[in-house]
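Enquirer:
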Amino acid sequence: MPFLLRNLTLSPGAEESALRPLAAAKLGVREAEITALTLVRKGVDARKKGAIKLVYTVQVTLRDEARVRPHGDVTRVETAAPPRFPKLASSERVVIVGMGPAGLFAALRLAQYGLTARVLERGRDVDRRASDVSRFWRLGELCEQSNVQFGEGGAGTFSDGKLTTRVKDPNCGWVLERLVEFGAPPEILYAAKPHIGTDRLRAVVRGIRERLIEEGFQVGFESRLTGIEVGQGGVTGVVVNDADEEPCDSLVLAPGHSARDTYALLHRLGVTLEQKPFAVGLRVEHPQALINEIQYGRNAHPALPPAEYAQTYNNEATGRSAYSFCMCPGGVVVAAASEAGGVVVNGMSGYRRNGPYANSALVATVGPADFTGTSPLAGVEFQRELERRAFVAGGENYRAPAQSLLDFIGRGGGRILSSYRPGVTEYDLATLLPAPVAATLREGIEHFDRRMRGFISAEATLTAVETRTSAPLRIVRGADLQSLSHRGLYPTGEGAGYAGGIMSAALDGIRVADAIAARIAAN
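Following the numbering used here, the numbering of the sequence shown begins with 71 at its first residue and continues without gaps.
(1) Specify the secondary structure class of N362 as computed by DSSP and reduced to three states.
(2) Could you round the C-beta distance between Y490 and V403 to whole angstroms and report it? I think they count as a contact, below 8 Å.
(3) Can you name the start and end residues of the beta strand (DSSP E) that D115 belongs to?
(4) Exposed or buried, R338, counting other C-beta atoms within 10 Å across all chains shown (16 or more means buried)?
(5) Going along the chain, which residues of its own chain have a beta-carbon closer than 6 Å to the beta-carbon of R512, five neighbours each way excluded?
(6) Hey, could you find the ends of the beta strand (DSSP E) A428 is sitting in?
(7) Exposed or buried, what is K238 when buried is set at 16 or more other beta-carbons lying within 10 Å of its beta-carbon?
(8) Take D269 and list the residues in its own chain whose beta-carbon comes closer than 8 Å to its own, dropping the five residues that flank it on each side.
(9) Kindly indicate which three-state DSSP category F525 falls into: helix, strand or coil?
(10) Suppose you measure from the CA of L336 to the CA of Q288; what does that come to, to the nearest Å?
(11) When you compare only the Cα positions, how much space is there between F461 and E516?
(12) Count the CB pairs spanning the stretch 394-411 and the stretch 294-314 that are closer than 8 Å, and state whether there are at least three.
(13) Which value, in whole angstroms, describes the spacing of the CA atoms of R192 and A334?
(14) Among Q219, G389, Y366 and V305, whose alpha-carbon lies nearest the alpha-carbon of E378?
(15) Under DSSP, the alpha helix (DSSP H) around D269 begins and ends at which residues?
(16) Could you check the C-alpha separation between L542 and A262 for me, to the nearest Å?
(17) Leaving out five residues before and five after T105 in sequence, what residues of the same chain have Cβ atoms less than 7 Å from its Cβ?
(18) My parser needs the alpha helix (DSSP H) runs of 4 or more residues fully inside the stretch 537-585; what are they?
(19) Looking only at its own chain, which residues have a Cβ that is under 8 Å from the Cβ of K96, when we skip the five neighbours before and after it?
(20) What would DSSP say about G464, mapped onto helix, strand or coil?
(21) Using DSSP with H/G/I as helix, E/B as strand and the rest coil, what is S391?
(22) For T382, which residues does DSSP report across the bridge?
(23) From which residue to which residue does the alpha helix (DSSP H) around T332 run?
(24) In chain order, what residues of the same chain have a beta carbon less than 8 Å from the beta carbon of R557, not counting five sequence neighbours either side?
(25) Hey, I590 and S160: beta-carbon distance below 7 Å or not?
(26) Please report the Cβ distance between A575 and A172, rounded to the nearest whole angstrom; I am assuming they are in contact, meaning their Cβ atoms lie under 8 Å.
(27) Would you report the Cα separation of M418 and L476, rounded to the nearest angstrom?
(28) Where do the ends of the alpha helix (DSSP H) carrying D314 lie?
(29) Which same chain residues end up closer than 6 Å to F291 when comparing Cβ atoms and leaving out the 5 residues on each side of it in sequence?
(30) Please list, in chain order, all residues of the same chain as L360 whose beta carbon is under 7 Å from its beta carbon, the five residues on each side excluded.
(31) Please classify E409 as buried or exposed, where buried requires at least 16 neighbouring CB atoms within 10 angstroms.
(32) Go to V203, then tell me how far its alpha helix (DSSP H) extends in each direction, as first and last residue.
(33) Can you give me the start and stop residues for the beta strand (DSSP E) that P471 sits inside?
(34) Hey, how far is the Cα of N385 from the Cα of P347?
(35) Go ahead and pull the three-state DSSP assignment for Q182.
(36) Excluding five sequence neighbours on each side, which residues of the same chain lie with their C-beta closer than 7 Å to the C-beta of P426?
Put into structure tokens, the structure is as follows:
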């Protein structure tokens with residue numbers, strides 16, 4: 071049985087081959103006794119800026135394991151049995167709506183059981199989608215069905231490709247292994263903060279689609295869900311593009327958090343929905359060199375990765391919080407609208423994260439008390455109104471309203487330096503946001519600067535408006551993962567209100583696929 075060794079440290083720039091003698095010393099054996107050493111985790115410890123270290127966890131196999139007893143940072147590895155997927159012979163007709171991580175991983179998991187499905191995506195394949203997005207960023211010409219939100223791969227395709235999650239799920243490893251299988255960098259298997267990067271993620275998504283087709287799945291692009299057929303309390307089929315009918319016994323609904331027309335359709339059909347809190351705000355952009363200096367110090371080793379940050383602030387008196395979200399080192403702020411007449415911003419990084427700017431969402435919490443009315447769609451209208459305001463403020467041409475951070479917090483000065491395309495228009499951003507949101511963001515910025523001296527900078531720029539942090543409602547489901555109101559409807563992923571990010575959405579898609587397989591096996 072192998073050993074797990076924690077807290078092995080190297081200086082930045084050191085060769086990882088130096089881990090082998092360190093592991094031998096910690097185990098009290100000769101280096102030659104080690105037959106295998108595998109990286110399990112790698113992170114940066116930057117708590118002491120003058121002594122930054124790379125911290126590793128490794129798995130080690132020895133010739134004679136009986137000579138070593140577990141102690142301190144040395145433990146035995148409990149090898150879990152690999153998951154088993156009994157092959158199921160079934161005539162079950164499954165339709166999956168959405169080709170983001172939830173839909174794609176639901177499909178991959180169904181394939182493990184020998185099941186197939188019809189996979190429908192309202193947007194275009196990832197290559198044509200990338201062309202549509204590029205055109206929007208260059209010319210301000212928005213395609214409402216093929217953009218940063220809609221198309222093969224989902225919204226995460228145009229992001230940093232972060233794979234961090236707070237969810238403790240044994241399937242995390244399965245997801246990461248599948249991503250590597252389809253072309254993701256192998257270091258995501260052990261990086262403390264794994265990411266793929268938008269450039270590599272597109273190839274991964276393409277590879278997943280090709281595998282699904284090989285497994286017998288049918289994939290349809292530019293196939294928008296416009297109706298759901300219901301009989302005897304359960305789903306019997308779907309309508310696509312107001313024309314084509316597709317029968318199904320199970321409908322995996324993974325629409326993404328921006329499928330507002332899908333939400334409206336569900337509401338008309340009487341599907342159980344509920345309001346949920348989310349967050350809105352701005353994007354903040356700093357020179358990456360400044361963030362590196364804040365986090366690592368002035369004399370940081372050049373081998374260190376571009377620095378990241380994650381900050382939170384809570385106002386107990388108001389009950390609101392502000393936090394950074396989806397931080398993109400070496401990235402760009404991107405135009406992420408999916409509706410005509412609205413401006414939305416988001417962040418994106420490539421795999422190398424080697425751009426001159428760092429950006430992050432700075433958002434404040436909002437909830438039903440901030441919305442108008444009790445409709446489950448009230449959160450959607452709240453988002454939409456902010457996006458319309460930003461569109462008008464930017465000049466009604468998809469330029470984004472922007473302001474120096476110093477101006478926003480009332481200190482004056484600063485300059486606007488933005489990577490956003492098709493461009494920005496200077497504007498007083500506080501007038502776009504609800505007053506409690508603007509106030510909470512200002513308080514949060516001051517708090518962040520106390521924790522990261524230099525965060526408040528003349529070189530920091532804010533861009534509006536960030537509204538698509540998570541779904542504005544939840545498609546309510548029961549313990550069997552089916553809709554409370556419509557049997558056979560399996561809401562899943564971020565758009566259903568059950569995930570936040572690539573990993574948690576993929577894991578939720580897997581849970582739904584496993585539930586469908588378990589039901590089929592039981593019958």
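We treat Cβ as the ideally placed atom computed from N, Cα and C, and that holds for glycine.
Expert: In this structure, then:
(1) To locate residue 362, count along the sequence shown from 1; it is residue 292. In the three-state DSSP reduction, N362 falls in the helix class (H, G or I).
(2) On the sequence shown, residue 490 is found 420 positions in, with the first residue counted as 1. On the sequence shown, residue 403 is found 333 positions in, with the first residue counted as 1. Sure, about 4 Å apart at Cβ, within 8 Å.
(3) Residue mapping note: residue 115 aligns to position 45 of the sequence shown, counting from 1. Run containing D115: I104 to D115, per the beta strand (DSSP E) assignment.
(4) Counting from one through the sequence shown, the residue named residue 338 turns up at place 268. Counting Cβ neighbours within 10 Å, R338 comes out exposed, since fewer than 16 surround it.
(5) Locating residue 512 in the sequence shown gives position 442, counting from the first residue. Cβ neighbours of R512 beyond the five flanking positions: I479.
(6) If you number the sequence shown from 1, residue 428 lands on position 358. First-last of the beta strand (DSSP E) with A428: Y427 to V436.
(7) Numbered from its first residue, the sequence shown carries residue 238 at position 168. The residue is exposed, with fewer than 16 neighbouring Cβ atoms inside 10 Å.
(8) By one-based count along the sequence shown, residue 269 stands at place 199. Excluding the 5 residues flanking it on each side, D269 has same chain C-beta neighbours closer than 8 Å at G420 and Y421, in chain order.
(9) Working through the sequence shown from its first residue, we reach residue 525 at position 455. Residue state, collapsed to three classes: coil.
(10) As a working note, residue 336 is residue 266 in the sequence shown. As a working note, residue 288 is residue 218 in the sequence shown. Approximately 24 Å between the Cα atoms of the pair.
(11) Your numbering for residue 461 matches position 391 in the sequence shown. Your numbering for residue 516 matches position 446 in the sequence shown. About 28 Å.
(12) When C-beta atoms of the stretch 394-411 are compared with those of the stretch 294-314, fewer than three pairs fall below 8 Å, so the two segments do not count as touching.
(13) In the sequence shown, counting from the first residue as 1, residue 192 sits at position 122. In the sequence shown, counting from the first residue as 1, residue 334 sits at position 264. Their backbone Cα atoms lie some 16 Å apart in a straight line.
(14) Residue numbering aside, residue 378 sits at position 308 when the sequence shown is read from its first letter. Measuring from the Cα of E378, the nearest candidate turns out to be Y366.
(15) The residue labelled residue 269 in the question sits at position 199 within the sequence shown. First-last of the alpha helix (DSSP H) with D269: T268 to E284.
(16) Start at 1 with the first residue of the sequence shown, and residue 542 comes out as number 472. Start at 1 with the first residue of the sequence shown, and residue 262 comes out as number 192. Rather than Leu, the amino acid found at residue 542 in this sequence is Pro. Near 30 Å, if we compare the C-alpha coordinates of A262 and P542.
(17) Taking the sequence shown and counting its residues from 1, one reaches residue 105 at position 35. Around T105: T131, L132 and R133.
(18) For the stretch 537-585, not a single whole alpha helix (DSSP H) run of length 4 or above is found.
(19) Locating residue 96 in the sequence shown gives position 26, counting from the first residue. Same-chain partners within the cutoff: L75, L78, D143 and V144.
(20) To locate residue 464, count along the sequence shown from 1; it is residue 394. DSSP places G464 in helix when its eight states are reduced to three.
(21) Along the sequence shown, one-based indexing puts residue 391 at 321. S391 falls in the strand class under three-state DSSP.
(22) Stepping through the sequence shown from its first residue, residue 382 is reached at position 312. Y393.
(23) In the sequence shown, residue 332 corresponds to position 262, counting from 1. That run of the alpha helix (DSSP H) goes R330 to L339.
(24) Reading the sequence shown from its first residue, position 487 is the one you call residue 557. Excluding five sequence positions before and after R557, the CB atoms of its chain that fall closer than 8 Å to its own CB belong to G303, G304 and V305, given in chain order.
(25) Position 520 of the sequence shown, counted from the first residue, corresponds to residue 590. Position 90 of the sequence shown, counted from the first residue, corresponds to residue 160. Using a Cβ distance threshold of 7 Å, I590 and S160 count as a contacting pair.
(26) Residue mapping note: residue 575 aligns to position 505 of the sequence shown, counting from 1. Residue mapping note: residue 172 aligns to position 102 of the sequence shown, counting from 1. So it is a contact: roughly 4 Å between Cβ atoms.
(27) Indexing the sequence shown from 1 puts residue 418 at position 348. Indexing the sequence shown from 1 puts residue 476 at position 406. When rounded, the distance between both Cα atoms is 24 Å.
(28) Here residue 314 refers to the residue found at position 244 when the sequence shown is read from its first residue. Here D314 belongs to no alpha helix (DSSP H); instead the beta strand (DSSP E) covers D314 to P317.
(29) Here residue 291 refers to the residue found at position 221 of the sequence shown. Apart from the 5 residues on each side of it in sequence, F291 sits with its Cβ closer than 6 Å to the Cβ of E191, R194 and D195 in its chain, given in chain order.
(30) Numbered from its first residue, the sequence shown carries residue 360 at position 290. G524, S527 and E529.
(31) Here residue 409 corresponds to residue number 339 of the sequence shown, with the count starting at 1. Burial call: buried.
(32) Along the sequence shown, one-based indexing puts residue 203 at 133. Taken as a continuous stretch (DSSP letters only), the alpha helix (DSSP H) holding V203 covers V196 to L209.
(33) What you label residue 471 is simply residue 401 of the sequence shown in a count that begins at 1. A470 to S474 is the extent of the beta strand (DSSP E) around P471.
(34) Here residue 385 refers to the residue found at position 315 when the sequence shown is read from its first residue. Here residue 347 refers to the residue found at position 277 when the sequence shown is read from its first residue. Their Cα atoms are separated by approximately 16 Å.
(35) Position 112 of the sequence shown, counting from 1, holds the residue named residue 182. In the structure shown, Q182 sits in a helix (DSSP, three-state: H, G or I).
(36) Taking the sequence shown and counting its residues from 1, one reaches residue 426 at position 356. Excluding residues within five positions, the ones whose Cβ falls inside 7 Å are P357 and Q358.
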